[in-house]
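Residue 122 in full-length UniProt numbering sits at position 122 of the sequence shown; the count goes up by one each step and never skips. Just so it is clear, CB atoms sit at the ideal spot from N, CA and C, and this is done for glycine as well.
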Amino acid sequence: MSMTDEEIHRLLSECLPGRDPDTPSTVLGAGSDDLGVGRRYLEALVEGGWMVPNWPVAHGGRDADDDLTVRIGTALGDYEGADLYPYGVGLSLVGPVLLERGTPEQQTRWLRAIADGSEIWCQ
1 MSMTDEEIHR LLSECLPGRD PDTPSTVLGA GSDDLGVGRR YLEALVEGGW MVPNWPVAHG
61 GRDADDDLTV RIGTALGDYE GADLYPYGVG LSLVGPVLLE RGTPEQQTRW LRAIADGSEI
121 WCQ
């Protein structure tokens, strides 16, 4: 799947507000304890597979290759973000393990819920 950076930005602008360059970036773990902000952010991104672009479409991703995944991650920095610290274990640790080692049933049960923020994992 080939996309230009302009296409990525156009599609992201449909689901996220632009970031004011004079406003400091979000610092993980420095936000409020309100999980709703992060959940709404993930919900806005899940339909397009923007948060976990290298995951399969069926599980909230885009089936993106490494190059597209990096370009999407870079582009996300131009938009308002959320403190995703509470979601980090699921998105960064549990999700990838389930993709590699999980049964199809486990993947179906957990991956989309991790991608859209409806399930939170911790260590």
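Less than 7 Å between C-beta atoms, sequence neighbours within five positions excluded: which residues of the same chain meet that for residue i?
i, result
"aspartate 5", "Arg71, Ala75"
"methionine 3", "Leu68"
"valine 89", "Trp121, Cys122, Gln123"
"proline 56", "Asp63"
"glycine 73", "none"
According to DSSP, simplified to helix, strand and coil, what is residue i?
i, result
"glycine 18", "strand"
Which value, in whole angstroms, describes the spacing of the CA atoms of residue i and residue j?
i, j, result
"leucine 11", "aspartate 116", "18 Å"
"leucine 45", "arginine 101", "25 Å"
"aspartate 66", "proline 17", "25 Å"
"histidine 59", "threonine 108", "7 Å"
"alanine 64", "leucine 35", "28 Å"
Report all residues from its chain with a CB closer than 8 Å to the CB of residue i; omit the five preceding and five following residues, and keep chain order.
i, result
"threonine 69", "Pro53, Asn54"
"residue 125", "Residue 125 is absent from the structure shown; the chain starts at 1 and stops at 123."
"leucine 91", "Met51, Val52, Leu84, Ile114, Ala115"
"serine 13", "Tyr79"
By alpha-carbon positions, which one of the options ends up nearest to residue i?
i, options, result
"glutamate 7", "Tyr41, Arg40, Gly48", "Gly48"
"residue 199", "Asp34, Arg39, Glu14", "Nothing about residue 199 can be reported from this structure: the residues present for the chain run from 1 to 123 only."
"proline 86", "Cys15, Glu119, Glu43", "Glu119"
"cysteine 15", "Gly60, Glu80, Thr108, Leu35", "Glu80"
"leucine 93", "Gly77, Trp110, Asp78", "Trp110"
"glycine 61", "Asp78, Glu43, Gly77", "Glu43"
"histidine 9", "Val57, Pro56, Tyr41, Gly77", "Gly77"
Skipping 5 residues on each side, what residues in its chain have a beta carbon closer than 6 Å to that of residue i?
i, result
"residue 126", "With the chain running from 1 to 123 in the structure shown, residue 126 is simply not present."
"proline 104", "none"
Tell me whether residue i counts as near the ligand SAM, meaning its Cβ is closer than 8 Å to at least one heavy atom of that ligand.
i, result
"arginine 40", "In terms of ligand content, the structure shown is empty, and the ligand SAM therefore cannot be addressed."
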